[in-house]
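Asks: Protein chains in written order, with the working numbering: chain H, 1 to 195; chain X, 1001 to 1195.
Every residue, glycine too, gets a C-beta built ideally from N, C-alpha and C.
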DNA sequence: ATATAATTAGAACGGTCGTTCAATTCAAGA
DNA sequence: TCTTGAATTGAACGACCGTTCTAATTATAT
């Protein structure tokens, strides 16, 4: 093959994009570095020029994905005023932006005894982010008298697991068609916590 | 090694037990046939004497697990009379008997493009079983006037995803300590559908 | 023009994977 | 006792894994 010279940074970006796609589709261990090489068009050696190893590449992508998810939510949050509206908005945000396939890869990596402890820690910290966002909404609702005074931690976990569970459906169903279901979940949840 | 002769059926059983354990702990692709061989004490060749291949072995275990889950529920169901009680009972049954780790392996297998279509179909049929059990409870509740007349299919999916999402917590938290959370989810759900 | 360093490809490495197979042992029937 | 076939092993196979290394190419600075 020719050793053309291309912008190294865009190369890195392209590798990350293709890797993200493959990890999402096939999971962590079922995606090989060769797969990423073929899909991106860059040699295996070049991938290792940019990234220390497969595990670190994955963690980086997971972090980036979660970061984008959070920033995107922060930008959208102000569109809603009441905590109830925010909860509906969050449900839609989760439906359309929460990348369950990639996180599934994270569980895979996490359950592998050979994963480095540092990666495990980093992945764990990732899971905390959405919970924080949920909690913030619930706290606002309580403070403004919109929601009852209740066990915030419990509520946070409950809405988190519900939305997470619903997200699994995106594997088998069209995203758009799931909107009513997500909204229904929120409305049922609100029935219990609203004043 | 000596080629001792042992009861072949118990050998098969022991292999299945160890395989089940490993698949649950490490997932599908991270569990090798060699792992199963070492853990069970039977040679690799002997595993292939009993099972066509790794994929079929896994599907068999998944089917068996789900079957047992369902039978166990059927036996327990009569302990509860009202549909509401049954829903609480089901939540506990799911918490203590729903083998998420193994099903995680199922998702792994399902997302692998090289899995045989037959295995995929069999895994999909598995996911239907618990939904049927949830639906039955909801239908009973409606027929006996305990629950509102509502969209049963929607309710089924909603309680199913909620319980499924909550089950993920068993990966990081003690099962016993999750009881209140599961019960709280059911009580919130009931608030919305009870007459 | 030359030297140096960054970049890129692809072969090579040691290992493991799922699977197959020949060889062997054992139990039971003839 | 001899034969047959089921049971069992472990070596062997080809493929692929993540990673490393060498060599080649190119850009840049001198």
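What is the DSSP secondary structure of residue 1140 of chain X, counted as helix, strand or coil?
Replies: Helix.
Asks: Measure the beta-carbon distance from residue 178 of chain H to residue 156 of chain H and round it to whole angstroms, keeping in mind my assumption that it falls under 8 Å.
Replies: Actually they are not in contact, since the Cβ atoms of residue 178 of chain H and residue 156 of chain H sit about 22 Å apart, beyond 8 Å.
Asks: Quick check on this structure: which residue in X:1174, X:1109, X:1075 has the alpha carbon closest to the alpha carbon of residue 1093 of chain X?
Replies: Comparing Cα positions, the closest option is X:1075.
Asks: So what's residue 1051 of chain X in DSSP terms, helix, strand or just coil?
Replies: Coil.
Asks: Should the segment 161 to 168 of chain H be regarded as contacting the segment 1159 to 1167 of chain X, the criterion being three or more beta carbon pairs within less than 8 Å?
Replies: Contact between the segment 161 to 168 of chain H and the segment 1159 to 1167 of chain X is present, because at least three Cβ pairs lie under 8 Å.
Asks: Distance cutoff 8 Å, beta carbons only. Does residue 983 of chain X sit that close to anything in chain H?
Replies: Here chain X has residues from 1001 to 1195 only, and residue 983 of chain X is not among them.
Asks: Using DSSP with H/G/I as helix, E/B as strand and the rest coil, what is residue 196 of chain H?
Replies: Since the first residue shown for chain H is 1 and the last is 195, residue 196 of chain H is missing from the structure and cannot be characterised.
Asks: Could you confirm whether any beta carbon from chain X is found closer than 8 Å to the beta carbon of residue 1 of chain H?
Replies: The predicted position of residue 1 of chain H is uncertain, since its pLDDT is 49 and thus under 50; a value taken from the coordinates is nonetheless stated next. No - not a single Cβ of chain X is within 8 Å of the one on residue 1 of chain H.
Asks: Given this structure, state the Cα-to-Cα distance separating residue 1 of chain H from residue 24 of chain H, to the nearest angstrom.
Replies: Any answer about residue 1 of chain H is weak, because its pLDDT of 49 lies below 50 and its placement is not dependable; what the coordinates show is given next. So the alpha carbons of these two residues sit roughly 29 Å apart.
Asks: So, at 7 Å on beta carbons, what are the nonlocal neighbours of residue 1058 of chain X in its own chain, with the 5 sequence-adjacent residues on each side left out?
Replies: Excluding residues within five positions, the ones whose Cβ falls inside 7 Å are 1023, 1028, 1105, 1109.
Asks: Applying the 10 Å Cβ sphere with the 16-neighbour rule, what's the burial state of residue 113 of chain H?
Replies: With fewer than 16 other Cβ atoms within 10 Å, it is exposed.
Asks: Which whole-angstrom value describes the C-beta separation of residue 1134 of chain X and residue 1090 of chain X, a residue pair presumed to lie in contact below a C-beta threshold of 8 Å?
Replies: Contact flag correct, Cβ pair sits at about 7 Å.
Asks: For residue 1136 of chain X, decide whether its Cβ has a neighbour in chain H, counting only Cβ atoms nearer than 8 Å.
Replies: By this cut-off, residue 1136 of chain X is not an interface position.
Asks: Tell me the rounded alpha-carbon separation between residue 1063 of chain X and residue 1132 of chain X.
Replies: Using only the alpha carbons, I get a separation of about 15 Å.
Asks: Would you please verify whether the beta carbon of residue 126 of chain H is less than 8 Å from any beta carbon of chain X?
Replies: By this cut-off, residue 126 of chain H is not an interface position.
Asks: Which residues in chain X sit within 9 Å of residue 181 of chain H, going by Cβ to Cβ distance?
Replies: Going along chain X in sequence order, the residues near residue 181 of chain H (Cβ under 9 Å) are 1154, 1157, 1158, 1161.
Asks: Within a Cβ cutoff of 7 Å, which residues of the same chain sit near residue 87 of chain H, ignoring the five residues on either side of it in sequence?
Replies: Counting only Cβ-Cβ distances below 7 Å, and skipping sequence neighbours, we find 137, 186, 190.
Asks: Taking the straight line between their C-alpha atoms, what separation do you get for residue 16 of chain H and residue 65 of chain H?
Replies: For residue 16 of chain H and residue 65 of chain H, the distance between alpha carbons rounds to 11 Å.
Asks: Identify the contact partners of residue 1112 of chain X in chain H, using a Cβ-Cβ distance below 8 Å as the criterion.
Replies: Going along chain H in sequence order, the residues near residue 1112 of chain X (Cβ under 8 Å) are 26, 27, 30.
Asks: On a Cα-Cα basis, can you pick out the residue from H:98, H:107, H:142 that is closest to residue 129 of chain H?
Replies: Ranking H:98, H:107, H:142 by Cα distance to residue 129 of chain H puts H:98 first.
Asks: So if DSSP puts residue 1147 of chain X in a beta bridge, which residue, or which two residues, is it bridged to?
Replies: X:1194.
Asks: Under 8 Å between beta-carbons, which chain X residues line up against residue 22 of chain H? List them in chain order, please.
Replies: Near residue 22 of chain H there are no residues of chain X at all, since even the closest Cβ is about 11 Å away, more than 8 Å.
Asks: Compute the Euclidean distance between the alpha carbons of residue 151 of chain H and residue 34 of chain H, then round it to the nearest angstrom.
Replies: Looking at the two C-alpha atoms, the distance is approximately 49 Å.
Asks: Quick check: what's the CA-CA separation for residue 1154 of chain X versus residue 1009 of chain X?
Replies: Looking at the two C-alpha atoms, the distance is approximately 44 Å.
Asks: Taking residue 17 of chain H as part of the alpha helix (DSSP H), name the residues at either end of that continuous run.
Replies: Segment 8 to 26, the alpha helix (DSSP H) holding residue 17 of chain H.
Asks: Whose C-beta lies closer than 6 Å to the C-beta of residue 54 of chain H among residues of the same chain, with five residues either side of it excluded?
Replies: Same-chain partners within the cutoff: 33.
Asks: Secondary structure at residue 122 of chain H, three-state DSSP: helix, strand or coil?
Replies: Residue state, collapsed to three classes: helix.
Asks: Name the two residues that bound the continuous alpha helix (DSSP H) containing residue 113 of chain H.
Replies: Premise fails: residue 113 of chain H is in no alpha helix (DSSP H) and is neither H nor E.
Asks: Between the beta-carbon of residue 145 of chain H and the beta-carbon of residue 78 of chain H, is there less than 8 Å?
Replies: No, these two residues do not count as a Cβ contact at 8 Å.
Asks: Answer yes or no: does any C-beta atom of chain X fall closer than 8 Å to that of residue 17 of chain H?
Replies: No, its Cβ sits nowhere closer than 8 Å to a Cβ of chain X.
Asks: Could you name the residues of the segment 92 to 112 of chain H whose beta carbon sits closer than 7 Å to any beta carbon of chain X, in the order they occur along the chain?
Replies: Those would be 104, 107, 108, 111, 112, in chain order.
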